[in-house]
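I have placed the structure first, in the form of structure tokens, so that the comments after it can refer back to it.
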Amino acid sequence: MTTQISPLAHVDSHAEIGNDVEIGPFCFVGPDVRIGDGCRLDSHVSIIGRTTIGSGNRFWPNCVIGGEPQDKSYTGGDETSVLIGENNQFREGVTVNRGAMKEDGCTRIGNGNLLMSNAHVAHNCHVYDNVILVNGVLLGGHVHVHDRAIVSGNSVVHHFSTIGTLAFVSGGCRVPHDILPYMLAAGSDNPTIKTINIVGMRRNGIPDETIRVIKQAFRLLYREHKTVEFIRQHFHETLDGIIPIELARLLDALEAQRQGRFGRAREANRNTKPESSGKSAEENAA
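Right, dumping it as structure tokens:
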């Protein structure tokens, strides 16, 4: 199908626009923007900076994507970027800032994510795949939210924190530290782990036997306060050395968190420059 651009929109002549794209009235698309096939910008959407967008994304009114990072160390220039995958939904008023000149200088949104109204993704964040950020969620700089996690409405996540795979954060939380994979956290101030995210795990097809193992690990960790080393040895013996990937991911994330600072594994990356960035222990674990 033919790309449709409203005469009331401004699309820079240097922008790269794919096939079957709809750009509604009062949208603004800057010169360093690439928009993939089948994307839709409803109206009053601004996409600026070095922003690359894959196919099948939809942007509801008043989204601002690729704006300058809200970081006092940022001195301008176009070296940093936003990279967005495929089939994401950005509801009304969502803002995604491009990276600051730290880590790899990029803010990343993966595939199949739903960012509800007025959610904010700050500089150098990485939202992986099939994540839900509910209305009013605020991610500070350098936050990582891993696959299929859910952060409920009006929660705020401290910079350099990590929300693990299939974690669930309840509404109105102030999250100053990592939330481990498969865990459910609640509490308005400094939320604590309440239980495992059994509903999310079942919905995503994790076998009941694996869920029982994660539940037992939760009990050993949060009820009996056993060490990571004890838990690893316990399951190595009881499972004959066959460790489910979900349990390995949980324990690796916990170990990375405890090697970090302030309950955040990724604090080791603070103030790193783009040229010195590498894959962190947390990225391998969560």
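Numbering follows the numbering used here, in which position 261 of the sequence shown is assigned residue number 255; successive positions increment by one, without gaps.
Cβ atoms here follow ideal geometry from the backbone N, Cα and C, with glycine treated the same way.
Remember, predicted model here, so these are calculated numbers, not experimental data.
- Query: Are the beta-carbon atoms of Leu35 and Gly48 separated by less than 8 Å?
  - Reply: By the CB criterion at 8 Å, Leu35 and Gly48 fall outside the cutoff.
- Item | Opening and closing residue of the beta strand (DSSP E) in which Ala94 lies | It is not in any beta strand (DSSP E) - Ala94 carries neither H nor E in the DSSP assignment.
- Query: DSSP on Arg142, reduced to helix/strand/coil?
  - Reply: When DSSP states are grouped into helix, strand and coil, Arg142 belongs to the coil group.
- Item | Own chain residues within Cβ distance below 6 Å of Val137, not counting five before or after | Cys119, Val151 and Ser155
- Between Ser271 and Ser40, what straight-line distance do the alpha-carbon atoms span, to the nearest angstrom? Model confidence at Ser271 stands at a pLDDT of 41, short of 50, so the residue's coordinates are unreliable and nothing is read from them.
- Task: For the stretch 200 to 241, list the alpha helix (DSSP H) runs that are entirely contained and at least 4 residues long, ordered along the chain.
- Result: 202 to 212 and 222 to 232
- So what does DSSP say about Ala247, is it helix, strand or coil? helix
- Report yes if the CB atom of Gly165 is closer than 8 Å to the CB atom of Gly147, and no otherwise. yes
- Between Asn124 and Glu80, which are expected to be in contact by the criterion C-beta below 8 Å, what is the C-beta distance as a whole number of angstroms? About 12 Å; that fails the 8 Å criterion.
- Message: Rounded to whole angstroms, what is the Cα-Cα separation between Glu237 and Phe162?
- Response: Before going further, note that residue 237 is Ile rather than Glu in the sequence given. Each residue's alpha carbon lies about 23 Å from the other.
- Shortest alpha-carbon distance to Asp31 belongs to which of Val115, Val128, Cys167 and Ile78? Ranking the options by Cα distance to Asp31, first place goes to Ile78.
- In chain order, what residues of the same chain have a beta carbon less than 6 Å from the beta carbon of Gly43, not counting five sequence neighbours either side? Contacts found: Gly60 and Arg92.
- Can you tell me the Cα-Cα spacing of Asp234 and Glu249, whole angstroms? 22 Å
- Task: Kindly indicate which residue of Thr159, Val90 and Gln210 has the alpha-carbon position closest to the one of Pro175.
- Result: Thr159
- Task: Would you grab the beta carbon distance between Asp172 and Ala259 for me? Rounded to a whole angstrom, and I think it's under 8 Å.
- Result: 6 Å
- Item | Proximity winner among His38, Thr45, Asp14 and Ser37, relative to Arg28 (alpha-carbon distances) | Thr45
- Item | Within 8 Å, strictly: CB atoms of Val5 and Cys33 | no
- Mind checking whether Leu132 and Leu109 have CB atoms under 8 Å apart? no
- For Ile192, which of helix, strand or coil comes out of DSSP? helix
- So Asn3 packs on Phe20, CB below 8 Å; how close in whole Å? According to the sequence displayed, residue 3 carries Ala and not Asn. Confirmed, Cβ separation roughly 7 Å.
- Task: Ignore the nearest five residues each way along the sequence and tell me which others in Arg168's own chain have a CB closer than 6 Å to its CB.
- Result: Val150 and Asp183
- In angstroms, rounded to a whole number, what distance separates the CA positions of Arg252 and Glu97? 21 Å
- Message: On a Cα-Cα basis, can you pick out the residue from Glu73, Asp246, His230 and Tyr216 that is closest to Thr101?
- Response: Just measuring C-alpha positions, the residue of Glu73, Asp246, His230 and Tyr216 sitting nearest Thr101 is Glu73.
- Message: Closest to Asn263 by C-alpha separation, out of Val58, His38, Ser75 and Gly99, would be which residue?
- Response: Gly99
- Alpha-carbon spacing of Met95 relative to Tyr68, whole angstroms: 7 Å
- Task: Within its chain, find whatever has a CB closer than 7 Å to the CB of Leu245; leave out the 5 residues flanking it on each side and keep chain order.
- Result: Val222, Ile225 and Arg226
- Message: Going by DSSP, what residue range makes up the beta strand (DSSP E) through Met177?
- Response: Met177 to Ala180
- Query: Expressed to the nearest angstrom, what Euclidean distance is found between the alpha-carbon atoms of Ser75 and Ala116?
  - Reply: Put simply, the backbone Cα of Ser75 is about 12 Å away from that of Ala116.
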